[in-house]
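Single-structure report; data block below.
In the numbering used here, the protein residues as written are 387 to 507.
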């Protein structure tokens, strides 16, 4: 599926609701926000089992992020998103760009890669 930009509208105990456009809202479940291993490490390995846990990891309401569409259900009019899959896909793309750039120029350095990335912004 494809990468889309969306604005986090609100955080729930089970994930984040994301506005993709006018009257189009999708859900990014907690399992699709961060790797479970990283999430557990961030809390010292402790995961509370009771009480309201409203945490969507790095996602904050009102901010825009890239998401990968992982599920579309026209019958129930629901869209499932993955933040971590989008991050991984964008990282792979950057690695491929770096590899192709380093193949074309055997003297490319990390500094050159950073300069080209900053100038592209």
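We treat Cβ as the ideally placed atom computed from N, Cα and C, and that holds for glycine. In this text, all values refer to a predicted model and were calculated from it rather than measured experimentally.
Checklist entry - By Cβ distance below 6 angstroms, which residues in the same chain neighbour residue 499 in space, the five residues on each side in sequence not counted? => result Translated into the one-based positions of the chain shown, residue 499 becomes position 113. Sequence-distant Cβ neighbours of residue 499 in its own chain, meaning closer than 6 angstroms and more than five residues away, are 484.
Look up residue 453 in the DSSP assignment and give the residues it is bridged to.
Mapped onto the chain shown, residue 453 falls at position 67. Residue 453 pairs with 390.
Cα-Cα separation, residue 389 to residue 496:
Mapped onto the chain shown, residue 389 falls at position 3. Mapped onto the chain shown, residue 496 falls at position 110. So the alpha carbons of these two residues sit roughly 27 angstroms apart.
Please name the residue, chosen from 455, 399, 501, that lies closest to residue 466 on a Cα-to-Cα basis.
-> As a position in the chain shown, residue 466 is number 80, starting the count at 1. It is 455.
**Report entry** chain C contact for residue 475 (CB, 7 angstroms cutoff)
**Finding:** Protein chains in the displayed structure number just one, and chain C is not present.
Fill in: Same chain, Cβ closer than 7 angstroms to residue 447, five either side skipped, listed in chain order
For the purposes of this step, residue 447 is identified with residue 61 of the chain shown, where counting begins at 1. Cβ within range, chain order: 394, 395, 396, 397.
Residues of its chain near residue 410, where Cβ-Cβ distance is below 6 angstroms and the 5 sequence neighbours each way are ignored | Here residue 410 refers to the residue found at position 24 of the chain shown. Sequence-distant partners of residue 410 (beyond 5 residues in either direction) whose C-beta falls short of 6 angstroms from its own C-beta are missing from its chain.
| message | If the criterion is Cβ atoms closer than 7 angstroms, does the pair residue 401 and residue 416 meet it? | response | The residue labelled residue 401 in the question sits at position 15 within the chain shown. The residue labelled residue 416 in the question sits at position 30 within the chain shown. Against a cut-off of 7 angstroms, the Cβ pair of residue 416 and residue 401 comes out as a contact.
ask   = Quick one: what does DSSP say residue 496 is sitting in, helix, strand or coil?
value = Within the chain shown, the letter at position 110 stands for residue 496. Helix.
Collapsed DSSP secondary structure at residue 464 in the structure displayed
As a first step, residue 464 is located in the chain shown; it is residue number 78 there, counting from the start. Correct three-state label for residue 464: strand.
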